[in-house]
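What follows is a short report on a single structure.
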Amino acid sequence: MNWDDMRFLLAVAQAGSLKAAARSLGVDKTTVSRRLRALEAALGRQVVEVRGQGLNLTDFGRRLHRHAEVMRDEMQAVDALAGADTGGALGTVRLTAVPMVINQILVPALDDLRATAPGLRLELIAEARDLSLLRGEADIALRLARPTEGGQSVLARKLGDLDYAAYAVHGAAGEMPWIGYETRMSYLPQAAAIARSAAAEGATDISVNDAETLYRLVCAGHGKTLLPRIVGAAEPRLVELPYRHGALPKRELWLMLRRELRELERVRLVAQWIERTLAVRTSQAQPTRPPDHRDNGADP
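Heads up: take any position in the sequence shown, counting from 1, add 1246, and you land on the numbering used here.
And the structure:
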C-alpha cells in the first residue's frame, strides 16, 4: 500500500465529506476519492461508506484510523526532529492566533522573546481562521474558545479569560456611535453585546469581520466598541467608557501545541513567553471605574 494514502483517510474522518477533505488537503475531490479507492484496493477492505449526506468510516476504517493517527504523530515527530538545528540555532516555531492577538499583544513583547531565546526563528501567522496543528499548519496556537481539535495529539491549556470593556478615543467618546461586526459574526459574545448596545444607542454605518480592523477604526475616531482590556488599556489614544447594557463579555484564551513538540526547547521557550506576556499585560489592565459623563455633565 501507499502509506501516503492514510493522509486522505485522516482528512475524510475529520471533515466528513470528500469536498471538505479535498479543501483541507489542497487537492480536488476526485483525487481524494481516487486515493481512498486505492487504499481500499491495497487493503482488500472497505474503509469509508456513504451515510445520508456525509461520508463515514466503516468499522474497519475506524480501527484503521487509530493506527493512521499514530503514524501521523510519529511523522510529525520526525519532522520536528529533523527541524532541530544542532549548530546552535534553536530552529523555527510557527505560532498562529487571530490578528488582534498577534499584532496588539504578542508583537509589542517580541524583545523579551529575543532576549530569552537567541537563535529562535519565529513565524507569526495572523489568521482569523483556525489553522490545523494536526496538519502541521502551525506548531502553537492561541484560541479564543475551548479547542475542539486534536484529541490526544494536541495539548491544550486554558491561560485565562480576556475581559472586554467599552473604548473610544479621548475627547469624543461620549457622543460616539457603536461600531460592531457584520451579522455573520453575531455568534461572538462581544459581537452580540455590541449589537445590543447599538440597538439602544445607535450604530455607525460601518461593520467589520475582524477585531483588528475594529480596533483601528476606533483608534481613528470613527466610533466606540468593545475591546479586550489588555488591548484597550495599553492604547494611549483610547479611554474606557461606562457600559450600561448588561454584563460585559469575556473570551477564554487557550494555548495549544502539538504533543510531539512539547519537549523541544524552542517550543517550550515560546510557550513560556506567551504566558509571561499575558500575565504582564493582564496585570497592567486591571478594571477601572470609568467616569460617567452622562451623570456629571463633563466633556469626555
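By construction, the Cβ of each residue, glycine as well, lies at the ideal position given by its N, Cα and C atoms.
Here the structure is a predicted model, which means the values were calculated and not measured.
Per DSSP, what kind of secondary structure is residue i in: helix, strand or coil?
i: Trp1424; result: strand
i: Leu1434; result: coil
i: Gly1478; result: helix
i: Met1247; result: coil
i: Thr1528; result: helix
i: Gly1293; result: For clarity, residue 1293 is Val in the given sequence; the question names Gly instead. DSSP places Val1293 in coil when its eight states are reduced to three.
i: Thr1362; result: helix
i: Arg1442; result: helix
i: Leu1271; result: helix
i: Thr1471; result: strand
i: Leu1264; result: helix
i: Leu1484; result: strand
i: Arg1309; result: helix
i: Arg1512; result: helix
i: Arg1392; result: coil
i: Phe1497; result: In the sequence on display, residue 1497 carries Arg and not Phe. Of the three classes helix, strand and coil, the one that applies to Arg1497 here is strand, per DSSP.
i: Leu1356; result: helix
i: Leu1380; result: coil
i: Tyr1461; result: helix
i: Asn1490; result: A small correction: the amino acid at residue 1490 is Arg; Asn does not occupy that position in the sequence shown. Looking at Arg1490 - three-state DSSP - the assignment turns out to be coil, as it is neither helix nor strand.
Going by DSSP, what residue range makes up the alpha helix (DSSP H) through residue i?
i: Val1415; result: Looking at the DSSP string, Val1415 is not in any alpha helix (DSSP H); the run it does join, the beta strand (DSSP E), is Val1400 to Val1415.
i: Lys1275; result: Lys1275 to Leu1289
For residue i and chain D, any beta-carbon pair shorter than 8 Å?
i: Ala1288; result: Considering every chain present, this structure includes no chain D. It has just one protein chain.
Taking the alpha carbon of residue i as the reference point, which residue from the options has its own alpha carbon closest?
i: Arg1375; options: Ser1270, Glu1506, Asp1358 and Thr1276; result: Ser1270
i: Ile1452; options: Ala1493, Met1422, Ala1479 and Phe1306; result: Met1422
i: Gln1350; options: Arg1508, His1491 and Arg1475; result: Arg1475
i: Leu1359; options: Gln1530, Ala1531, Val1526 and Leu1515; result: Leu1515
i: Ala1343; options: Thr1362, Val1526, Leu1370 and Pro1354; result: Leu1370
i: Val1258; options: Arg1281, Asn1248 and Trp1249; result: Arg1281
i: Asp1305; options: Gln1292, Glu1447 and Val1316; result: Gln1292
i: Gly1365; options: Thr1523, Ala1531 and Val1513; result: Val1513
i: Ser1399; options: Phe1254, Glu1521 and Arg1312; result: Arg1312
i: Leu1501; options: Tyr1489, Ala1355, Ala1384 and Met1247; result: Ala1384
i: Tyr1427; options: Ala1418, Leu1503, Ala1441 and Leu1255; result: Ala1441
i: Gly1448; options: Gly1262, Gly1469, Ala1414 and Val1353; result: Gly1469
Tell me residue i's beta-bridge partners as DSSP assigns them.
i: Val1454; result: Tyr1427
i: Glu1369; result: Arg1340
i: Met1502; result: Ala1387 and Ala1402
i: Ala1449; result: Trp1424
Is any non-hydrogen atom of the ligand COA found closer than 7 Å to the C-beta of residue i, if you look at the structure I gave you?
i: Pro1435; result: As for the ligand COA, it is missing from this structure, which has no ligand bound.
The beta strand (DSSP E) with residue i in it runs from where to where?
i: Thr1342; result: Gly1337 to Ala1343
i: Leu1303; result: Gly1300 to Leu1303
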